[in-house]
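Just below is one structure, and these are the notes that go with it.
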Amino acid sequence: MFDKSLPKFLTGGGESGELIRSINWSKTELGNPEKWPLSLKTSIKILLDCKLPMHISWGGNLIQFYNDAYRPILGHKHPKAMGISASETWNEIWPTIGPMFEDVLRGNSIGFDDFKLTIERYGYPEDCYFNFSYSPLPNDLGDAAGVLITYAETTGRVLSEQKIKEESEKLNSVLMQAPVGIALTEGPDHVFALTNSTYLSMLFGKDRNLLGQRVIDAVPEAKDQGYIDLLDQVFLTGESFTGREAPLSLRQLDGSDKNFFVTFIYQPIRNAEGEVSGILGVVYDVTEQVETRHKIEESQVQFSTLANSIPQLAWMAQADGYIYWYNNNWFDYTGSTLEQMEGWGWQSVHDPKILPKVMENWPKSIQTGEPFEMEFPLKGRDNKFRWFLTRVVPVKNAEGVVTGWIGSNTDIDAQRSTINALETEKALREQFVSTLTHDLRTPLSAVKISAQLLSRSSNAPEKLTSLSGRIMDNVDRANQMIENLLDANRIKAGEALELDMQEMRLVSVVTDSLSD
5 MFDKSLPKFL
15 TGGGESGELI
25 RSINWSKTEL
35 GNPEKWPLSL
45 KTSIKILLDC
55 KLPMHISWGG
65 NLIQFYNDAY
75 RPILGHKHPK
85 AMGISASETW
95 NEIWPTIGPM
105 FEDVLRGNSI
115 GFDDFKLTIE
125 RYGYPEDCYF
135 NFSYSPLPND
145 LGDAAGVLIT
155 YAETTGRVLS
165 EQKIKEESEK
175 LNSVLMQAPV
185 GIALTEGPDH
195 VFALTNSTYL
205 SMLFGKDRNL
215 LGQRVIDAVP
225 EAKDQGYIDL
235 LDQVFLTGES
245 FTGREAPLSL
255 RQLDGSDKNF
265 FVTFIYQPIR
275 NAEGEVSGIL
285 GVVYDVTEQV
295 ETRHKIEESQ
305 VQFSTLANSI
315 PQLAWMAQAD
325 GYIYWYNNNW
335 FDYTGSTLEQ
345 MEGWGWQSVH
355 DPKILPKVME
365 NWPKSIQTGE
375 PFEMEFPLKG
385 RDNKFRWFLT
395 RVVPVKNAEG
405 VVTGWIGSNT
415 DIDAQRSTIN
425 ALETEKALRE
435 QFVSTLTHDL
445 RTPLSAVKIS
455 AQLLSRSSNA
465 PEKLTSLSGR
475 IMDNVDRANQ
485 MIENLLDANR
495 IKAGEALELD
505 MQEMRLVSVV
515 TDSLSD
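Heads up: the sequence shown begins at 5 in the working numbering, then just goes up one per residue.
This is how it looks when you write it as structure tokens:
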């Protein structure tokens, strides 16, 4: 073991100092430490006392000295690295760093920031990063005899920055490929710092380079439409703003104006100090949605106008049967309001006796999607019921799914009264025909009998005269019945009748009937 009572320049240095003092330097090419060049002694003393990582490679074989602060870069190479050649310790990267050592020994200093080295410190290769400084160490004659290395490992910072960069690039890739328009502005002047392709194609129809331009310079027409003022407001207050279906007109590259509707969000971006440094804008083109809704609204207005012009009561319901709209005729007839009738309030104007049947049939149509048709009375504002024919048809989308219902109520009260009157008239007519048939048969039968008797009484003149008279009387009666039938038809046709007022003896009528 080398004698530890060494000169002062080898004192201190912690574990690395102990390791240096434990080596028998007399058996190395450097020889007894007492005879080392003064410049080497001075450098080693500085190395042992320094709290920053330091490494010295001395002589032609670049024999290594290092302090405790330098040990982490060595990993498992410590403690073997102390006192041996740098080329032996760093053989895996010597093709990279060997020329650097040679250059320094020629008197040149070299420095690197975030220099990447793949080294084995813990038994496996790993990528590490360092800020290196390689400086020549002169001997006592002033010639470069060694290499002084100081470093600061930046692996942690570099890897963090790389991760942040990767995340930033990933986020940027997501933003650039997002199906919505995205733009980022910086500063109170709102300078474009990012615009994705969707934003550019949405607003301008093709790619434009807006980066580095102020919004007011790149899109001056946005000023008069209030968008610049909104950016100022968000930047000053730090509060986000959401605009829904806002109209926007922008000048295109070909000089034409593009008019559309957008829903957008202006979100303030804050820096590390919490101050607003920019604004993130997210824009959705909702032109098709707005125009479609406008068409639907126009169609609804047209439908309402049409529905209010027809004589029927009309209404619209959701797919579940919830009625949300009635035409004016409904309110005029029932004397009700939408608040009273909305949903299922219409039941209040139904006849309680018939309503259960309605509530049985209507839900069946809702469930099956089949049209509904039924006659039932509805109560008017005068509390009187009138009969209506109700028809309801489903409204279906392109897939055949019921999305709503359109219903109408046609007043058939007068029609039903007419039908009832016709049915009564029919019954009376049938009764009249039956009676007339019976009455006609009586005189005709008497005529037939008289004719038969007449044929048998050819030798009795008086009897012939009597039978002939009876035949004439029965013929007159039949003729009168026919006249009565014609009079009945005239009355039905609305024609006037002449009345022939004559005296009639009841005894004669009875006698004639008995004689028949």
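Even for Gly, the Cβ is constructed at its ideal location relative to N, Cα and C.
Computed from a prediction, not measured in an experiment: that's the story for all the values here.
Nonlocal neighbours in the same chain, by C-beta distance under 8 Å from residue i, ignoring five residues either side
| i | result |
| --- | --- |
| residue 126 | 79 and 80 |
| residue 104 | 114 and 138 |
| residue 286 | 184, 185, 186, 268, 269 and 271 |
| residue 281 | 190, 191, 273, 274 and 275 |
| residue 100 | 121 |
| residue 250 | 265, 266, 267 and 268 |
| residue 211 | 201, 204 and 205 |
Residue burial classification, residue i (beta-carbon count within 10 angstroms, cutoff 16)
| i | result |
| --- | --- |
| residue 5 | Confidence in residue 5 is poor, its pLDDT being 45 and thus under 50, which makes the residue's placement too unreliable to answer from. |
| residue 15 | exposed |
| residue 214 | buried |
| residue 259 | exposed |
| residue 276 | exposed |
| residue 26 | exposed |
| residue 58 | buried |
| residue 476 | exposed |
| residue 109 | buried |
| residue 412 | buried |
| residue 521 | As shown, the chain starts at 5 and ends at 520. That puts residue 521 outside it, with no answer to give. |
| residue 535 | A query on residue 535 cannot be resolved here, the shown segment of the chain reaching from 5 to 520 and no further. |
| residue 90 | buried |
| residue 164 | exposed |
Residue i versus residue j - alpha carbon distance
| i | j | result |
| --- | --- | --- |
| residue 208 | residue 303 | 31 Å |
| residue 427 | residue 387 | 27 Å |
| residue 144 | residue 41 | 6 Å |
| residue 376 | residue 366 | 7 Å |
| residue 149 | residue 161 | 34 Å |
| residue 225 | residue 196 | 16 Å |
| residue 345 | residue 431 | 42 Å |
| residue 300 | residue 402 | 16 Å |
| residue 391 | residue 362 | 14 Å |
| residue 204 | residue 256 | 11 Å |
| residue 378 | residue 310 | 23 Å |
| residue 19 | residue 169 | 39 Å |
| residue 85 | residue 75 | 10 Å |
| residue 232 | residue 222 | 12 Å |
| residue 206 | residue 179 | 15 Å |
| residue 263 | residue 295 | 12 Å |
| residue 414 | residue 298 | 31 Å |
| residue 253 | residue 202 | 17 Å |
| residue 395 | residue 312 | 17 Å |
| residue 131 | residue 151 | 24 Å |
Nonlocal neighbours in the same chain, by C-beta distance under 6 Å from residue i, ignoring five residues either side
| i | result |
| --- | --- |
| residue 119 | 134 and 136 |
| residue 245 | 234, 238 and 270 |
| residue 324 | none |
| residue 284 | 188, 271 and 273 |
| residue 30 | 36 |
| residue 83 | 23 |
| residue 117 | 135 |
| residue 333 | 317 |
| residue 129 | 122 |
| residue 38 | none |
Residue closest to residue i, alpha-carbon to alpha-carbon, out of the options
| i | options | result |
| --- | --- | --- |
| residue 142 | 369, 404, 402 and 61 | 61 |
| residue 66 | 106, 54 and 147 | 106 |
| residue 279 | 295, 251 and 241 | 241 |
| residue 371 | 379, 352, 405 and 358 | 405 |
| residue 63 | 310, 357 and 87 | 87 |
| residue 124 | 77, 39 and 297 | 77 |
| residue 68 | 56, 176 and 32 | 32 |
| residue 146 | 102, 44, 397 and 368 | 44 |
| residue 288 | 248, 314 and 307 | 248 |
| residue 399 | 423, 369 and 175 | 369 |
| residue 71 | 95, 21 and 92 | 21 |
Test item: CB-CB of residue i and residue j under 7 Å
| i | j | result |
| --- | --- | --- |
| residue 268 | residue 290 | no |
| residue 193 | residue 218 | yes |
| residue 200 | residue 186 | yes |
| residue 326 | residue 347 | yes |
| residue 353 | residue 382 | yes |
| residue 322 | residue 216 | no |
| residue 320 | residue 410 | yes |
| residue 121 | residue 153 | no |
| residue 355 | residue 389 | yes |
| residue 73 | residue 52 | no |
| residue 48 | residue 13 | yes |
| residue 140 | residue 102 | no |
Sequence-distant residues of the same chain with beta carbon closer than 7 Å to residue i, five excluded per side
| i | result |
| --- | --- |
| residue 359 | 351 |
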